[in-house]
Each structure stands twice: as structure tokens, then as C-alpha cells.
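Colleague: Protein sequence lines correspond, in order, to chains A and B. The numbering used here numbers the first residue of the first sequence as 1 and each following residue consecutively. The numbering used here numbers the first residue of the second sequence as 1001 and each following residue consecutively. Where is the CB? At the ideal position from N, CA and C, for every residue including glycine. The structure displayed is predicted, hence computed values, not measured ones. Got a structure for you, questions after.
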Amino acid sequence: MKRKLSALKFVRNNKKQVWVMIAAIALTFMTMYIIHFLLFSTTESFNALFLEQPKKVAYVSLTPEAMGVERETYASDEEYKLAIDDARNKIIAAIRMHEGIAGATLTQTLSATYAGFVGQVGYDFPLLSKEEIPGFVNHMEAKLIEGRMPEGDGEILVDETVFKNQKMKIGGYFNETGFGQTFKVVGVLESDCMVCVGTPMGYTNSGWYIVVLCDEANSDMTRLLSDIGIFPTKNDTIFDAPDWADMYKTEVTEEIDTVLLAILVVVSIFLAISILAAYVSFMRSRVNEYCLYTSIGYGRKDVYGMIMRELFIIFGISILIGSAMAVIGMVCLGTFILKPMGLLYKYFYPEHLLRISAALIAIIGLLQIPIAVTVNNIKTIDMIEE
Amino acid sequence: MFEIKNVSMIYDMDSDEKMYALNGVDLTLPDKGMIGIIGPSGSGKSTLMYCMSTLKKPTEGTIIYNGQDITTLSDRQRESIRRNEFGFVFQKHYLVPYMTAMDNVVVAGNSNDKELKERAAEILFALGLKERDFNKRPSKLSGGQCQRAAIARAIINNPRVIFADEPTASLDHENAFNVMKILKKYSEDRLVIVVTHDRSILSDVDITVEMWDGRLSNVNREREQDEE
């Protein structure tokens, strides 16, 4: 019966050396995953805003040319302005008649700010009449959870995540730095897409948009406008689902992904160097042991197998400990930092786990070089004694 | 058991002045008994033992072990023969420093862990180690205890041949005498080959092989004949 060389004996009996290595790998694993968790809380949080909200509401601002109004056709500015209003009203009426549209109205908008763990985003929300607000809230599937609905001018309802994120309070002023003591926060909404809405207070110079209450199937405004004979150009401003999705991809996920990949590569290189150095030193100190094994009848393959099993045990334990540490770290960070910041997050990122696994496999692959050199150079004891 | 025919081991084969570690050695050894190979440093005694134990391959000649020429075996076959038929005691004990005395013995074993541990305990006990020493690492054992653990490792598989290269070199006189007593006992029904330059430890050997400059200078079989 041929026995295998036990890998557990080294792991059990060299606790200091092994635990230093396990700690290094586990901490690196935890750090890589937690960095991902923190950065992706931004992606998760922005997801509601960039991908969910535009499925229900879109903002359109068309140039007179897009609406078919040419300045040269009108003798005076007054006539030209009336023509624009008329064209816009016709477009609004046509949009309202379109399938899947719950409403369309020309309104002023206000800008809310939402800060992620890294970076922040500003987005517009409509200022409607107090009579229109319940319909809008209903369409956005939001629910008033604190405070009251707007009853007078300049009163704002804020989504609870934005409310926490911007450290607002009911009765406090909305964006006091930007608008002074103009808008008051009167209620908090619960929704899955960061809904804010309010009533106007005079003219705030925040822009006028046709606010379109749509469903997901009709959230592409370029297509919807082309259905009614309007063909927007680059000069027209449209904030709709495809536009937000594109921004989300290029400015949020891709950028964060690039940063994460860079961190993963740098951390992996440092980990690989330190593990390589540690492992070469481990193996050097065990040369006589390997020579003994081959002298008493074990083959080089047996020694290689033992080294690999030791490596897998060390990496396996490290990943288990690193995972446990990552879970504890994420729960603490989530509870004490992200939640109070009004950020959304999730714990499980399979694609990132795959990346970390790939990095660890690459490190194990790299370790094959010193292992192969050591195994090939194993002598028998007669050669050492000579 | 061993039939060594015209075995030579040449170093620096490509140079003009070839160096003969062994030069045309012929020797026949029985199935059991204690063989002492003696000679000064560089006489080729260790090389002969390592050739017989398959650790080295001679440049010329044949070594027949149990009817099989072991100089023509593949690496795997040589490993297998070392594993199953031979036991080794080296000049230094070569115990694995992080393993206990017990684990150091078991590591060379061929059967399951439970059987091996029982047998290792028996052997270590018979070799004079106390039970409390079984779980000590080599650094906590004396030189004599380490060498006994190394002998236990060599005999854990009950090998047909034990090769012992200067097994008493690092021991004091009393421990050296005890180690030789253990090997002598084992040689009652197996073959034990001891290589040494210390004639005083070979008082009990059955055959004395003297070497000089890679050749056999004298083979004394008087005791072997007496016993027969």
C-alpha cells in the first residue's frame, strides 16, 4: 500500500509560518472584496436612480426647430413665442395620447443631489401643482412615510434615501446653499427609484421640461417622439431610459469597474510577490525533508503532491477566514456607514468573487515556478552527505 | 541476497583522469546477518552502499538483488524497492523537525495510520524510547533518541535490508553501542549493512568488508562461517 505524504502535518505543526501566510491571504481577500462592496454601493445606489426612475418618468426639452417652428417665419418675437407654446402644447397633447403614457406636462424642475460612496450625481425632479402631486407619487409607486403632502408653494417631498444621504430634516430648507430659504422639505417618500417632487416657488431658473409619465415599454423618448412625427437632434435635451442607462454604463459601472480592476491587479501583484517570497523561504528550509522523502522511496511526484495539497489547504483556510472577515466587515460597514449615508448595497457579487478567485488561481499558478524548481532539484541524502 | 559483479563508479567520466569511487567490486552477501563495510574516508564504502540501495547507479557492473539486476530499474521501480524492501539509517538522523518522533516513524510506513502508529509505538518502545517521548519533536530529544527514532523509521516496514551509513557517528560511546545492539538484533533474520570507519563498533558483525581506494581489500567471513 502506497501512502501519500500528509500535507496536514506541516500545516498543523508550523502554525506561526502557516498562519502568517493564511492571515496575509485572508486579509487580502477581505480587503479586495470589501473595497468592491464599498465602491459598488455607489453602483447599487445609483442603479435606482439611473435605471429604475427613467422607466417611469422622462424629461424632454425640445428646440423650436425640432418642434417645427422657424424664427424667420414670424415677424415678431411675441408671435414666435406664441408659435413655440402652441407647438409644444400640441406635442404634449400628442404624447398624452400615446400608448403607455400616463401623463405629460410642461413644468419647472429642481435638481436634487445624491452622493455615492465615491462621486455624486445631480438629477432633476418636477415641480408640479399640489393637485398633480398625488397622481405623480402614485405613478412613481411611492408612498408618503413621514410628514405631509405639499399644500403651499415651494414645498418638497424627498425620497428617504436622498433625505438620509443629504442629511435633511422635515421643516428644513431644501438645498439652502443653492436656492436659499426657498423650498421647504415637508415629507419623506418611500420608493424604489429615489422619487422627489415638489411645488414651484416663482421662477427658479432650474429649467423647464416636458415631464412624461411613462411605462417601461414606452420609456424611450426618441422613439416615442418619432411616433408622433418629431425627430429630435443633438441640440434637444432628453433624459430618458436609454440616455440614463448609457450614462450609468459609461460613467458609473465602467469607471468603478476600471478602478476595481486596477486595485485587484495591484493588490494581487503585491500578494503574489509576498507569497512567492514566503513560499520560497518555506521550501528552502525544508530541502532536507524533501531529500529524505525521495531517499526512503517517495517519488518527486509524491513530494509535489504534498506541496500542492499544503498550498490548497492554506489557500482554502485563507478564503474561508477571509470570507468570514469580509461578511463581518460588510455588515459593520453597511450598518454603521452606508445605511446612515442613505446608500443601497448588497453583499454577494459573484462576478467579483470569480475575479478574486482568478487572481488567487493565477498566484497559485505563479507559485508553480519555485515549486517546480525545488522539486526538480530534490536530491537524495547520499548526495547531500557527499 | 546481493550479488555484486564488477561494479565501478566513475566520476568525471569525460575528463582524461577518471576518478574511480568504486573500481571493479565483486561481492556476494547472504539474506541475513550483519555486514560491516569499513574503510577510510574516500575508500568508496558509502558509494558501494548507496549503489546497493539504488540511491546511486553504478557506471559499470551489475548488482543482483533477489535475482533482479537493480542497476537497470526505472526511477519508479527503484523508488518502490527502496520503499518496500529497504530501510535507511543515515549519518545524521534527518528527522523532520516539525514532526513528533512518532510521526517521523510513521511517515516512512506503508500501511494505514492506525496500524502504523501501533507498530511505531512498539518499535520506539523496544528501542528504549519512553511513551512520553513519542510526541516530542526532534529538538526536544537527545542525539541518541533521535537516532533511535531514525532506526524505528528504517524498520517500520520490516524491510529485508537495512542500510546504515555511519549510524553512530554523531553519538557518544554508550549510545553508539546501544544502536549497534539494536541493529544486531534486527540482523538475526534480516540483512543489515553498516558502513563505518570506526572499527570498534564492528565487533559483532558477521562479515567485514574492508575497502581501500574503491576496491575491496579484504572480506572477512569468519563469523558467518562460524555461525553456519
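Determine which residues share a DSSP beta bridge with residue 165/A and list them.
Modeller: Bridge partners of residue 165/A: none, in fact.
Colleague: Of all the options 1156/B, 1121/B, 1204/B and 1187/B, which has the alpha carbon lying nearest to the alpha carbon of residue 1177/B?
Modeller: Residue 1177/B has its Cα closest to that of 1204/B, out of 1156/B, 1121/B, 1204/B and 1187/B.
Colleague: Please check if any C-beta of chain D sits within less than 8 Å of the C-beta of residue 34/A.
Modeller: Checking the listed chains, one finds no chain D in this structure; the protein chains it contains are A and B.
Colleague: Return the CA-CA distance between residue 1225/B and residue 1206/B, expressed in angstroms with no decimal places.
Modeller: A caution first: residue 1225/B carries a pLDDT of 44, below 50, which makes its placement in the model too unreliable to give a value.
Colleague: Excluding the 5 residues preceding and the 5 following residue 373/A in the sequence, name in chain order all residues of the same chain whose CB lies nearer than 8 Å to its CB.
Modeller: Nothing listed; no residue qualifies.
Colleague: What are the residues of the region 1101–1112 of chain B that lie near chain A, defined by any Cβ-Cβ distance shorter than 8 Å?
Modeller: Those would be 1103, 1107, 1108, 1109, 1110, 1111 and 1112, in chain order.
Colleague: From residue 1228/B to residue 1158/B, what does the alpha carbon distance come to, in whole angstroms?
Modeller: Model confidence at residue 1228/B stands at a pLDDT of 44, short of 50, so the residue's coordinates are unreliable and nothing is read from them.
Colleague: In this structure, what does DSSP give as the bridge partners for residue 135/A?
Modeller: DSSP output for residue 135/A lists no bridge partner at all.
Colleague: Mark residue 1068/B as exposed unless 16 or more other C-beta atoms lie within 10 angstroms of its C-beta, in which case mark it buried.
Modeller: Its Cβ having fewer than 16 others within 10 Å, residue 1068/B is exposed.
Colleague: Going residue by residue through the region 45–124 of chain A, where are the continuous beta strand (DSSP E) segments of at least 3 residues, counting only ones entirely within it?
Modeller: Taking only runs of at least 3 residues, the beta strand (DSSP E) segments lying wholly in the region 45–124 of chain A are 57–61 and 101–115.
Colleague: Quick one: which chain A residues come within Cβ less than 9 Å of residue 1052/B?
Modeller: In chain order: nothing, as chain A lies at least about 11 Å away.
Colleague: Any idea if residue 4/A is buried or exposed, counting beta-carbon neighbours within 10 angstroms, 16 or more meaning buried?
Modeller: Exposed: under 16 other Cβ atoms inside 10 Å.
Colleague: Report the rounded CA-to-CA distance for residue 113/A versus residue 196/A, giving the unit in angstroms.
Modeller: About 11 Å.
Colleague: Could one say the Cβ of residue 374/A lies closer than 8 Å to chain B's Cβ atoms, at least one of them?
Modeller: No, because no Cβ of chain B sits closer than 8 Å to the Cβ of residue 374/A.
Colleague: Whose C-beta lies closer than 7 Å to the C-beta of residue 363/A among residues of the same chain, with five residues either side of it excluded?
Modeller: Only 268, 271, 272 and 275 meet the Cβ criterion.
Colleague: Pairs of beta-carbons, one from the region 1105–1115 of chain B and one from the region 1068–1079 of chain B, closer than 8 Å: are there three or more?
Modeller: As far as the Cβ criterion goes, the region 1105–1115 of chain B does not touch the region 1068–1079 of chain B, which means the pair count is below three.
Colleague: Report the rounded CA-to-CA distance for residue 375/A versus residue 21/A, giving the unit in angstroms.
Modeller: Going by the C-alpha atoms only, they are around 21 Å apart.
Colleague: Looking at chain B, is there any beta carbon in it that lies within less than 8 Å of the beta carbon of residue 44/A?
Modeller: For residue 44/A, the answer is no, since every Cβ of chain B falls outside 8 Å of its Cβ.
Colleague: Could you check what DSSP says for residue 415/A in three-state terms: helix, strand or coil?
Modeller: With chain A covering only 1 through 386, there is no way to say anything about residue 415/A.
Colleague: Tell me the residue span of the beta strand (DSSP E) that contains residue 364/A.
Modeller: Here residue 364/A belongs to no beta strand (DSSP E); instead the alpha helix (DSSP H) covers 350–376.
Colleague: Please determine if the region 46–60 of chain A and the region 202–210 of chain A are in contact, where contact requires at least 3 C-beta pairs separated by less than 8 Å.
Modeller: Because the criterion of three Cβ pairs below 8 Å is met, the region 46–60 of chain A and the region 202–210 of chain A touch.
Colleague: Using a Cβ-Cβ cut-off of 6 Å (strictly less than) and excluding sequence neighbours within five positions of residue 217/A, which residues of its own chain qualify?
Modeller: Cβ neighbours of residue 217/A beyond the five flanking positions: 100.
Colleague: Looking at chain B, is there any beta carbon in it that lies within less than 8 Å of the beta carbon of residue 334/A?
Modeller: Not an interface residue.
Colleague: Could you check what DSSP says for residue 126/A in three-state terms: helix, strand or coil?
Modeller: Note: residue 126/A maps to strand in three-state DSSP.
Colleague: Return helix, strand or coil for residue 1027/B, following the three-state DSSP convention.
Modeller: Strand, per DSSP.
Colleague: How many Å lie between residue 294/A and residue 1085/B at the Cα?
Modeller: About 15 Å.
Colleague: Please report whether the beta-carbon of residue 1199/B lies at a distance below 8 Å from any beta-carbon of chain A.
Modeller: False, the Cβ-Cβ gap to chain A never drops below 8 Å.
Colleague: In terms of alpha-carbon separation, which member of 1007/B, 1141/B and 1090/B lies closest to residue 1057/B?
Modeller: Of 1007/B, 1141/B and 1090/B, the residue nearest in Cα terms is 1007/B.
Colleague: Straight-line CA distance for residue 65/A to residue 230/A?
Modeller: The alpha-carbon atoms of residue 65/A and residue 230/A are separated by roughly 10 Å.
Colleague: Taking only beta-carbon positions, decide if residue 1099/B is within less than 8 Å of chain A.
Modeller: Cβ-Cβ to chain A under 8 Å: yes for residue 1099/B.
Colleague: Decide yes or no for the touch test of the region 179–190 of chain A against the region 145–159 of chain A: beta carbon pairs closer than 8 Å, at least 3 of them.
Modeller: Touching, yes, given that three or more Cβ pairs across the two stretches are closer than 8 Å.
Colleague: For residue 281/A, would you say it is in contact with chain B, using Cβ-to-Cβ distances shorter than 8 Å as the test?
Modeller: False, the Cβ-Cβ gap to chain B never drops below 8 Å.
Colleague: Whole angstroms is fine: what's the gap from residue 1108/B's alpha carbon to residue 355/A's?
Modeller: Cα-Cα distance, rounded: 41 Å.
Colleague: Of all the alpha helix (DSSP H) runs that stay within the bounds of the region 235–275 of chain A, which reach a length of 4 or more residues?
Modeller: The region 235–275 of chain A contains these whole alpha helix (DSSP H) runs: 241–247.
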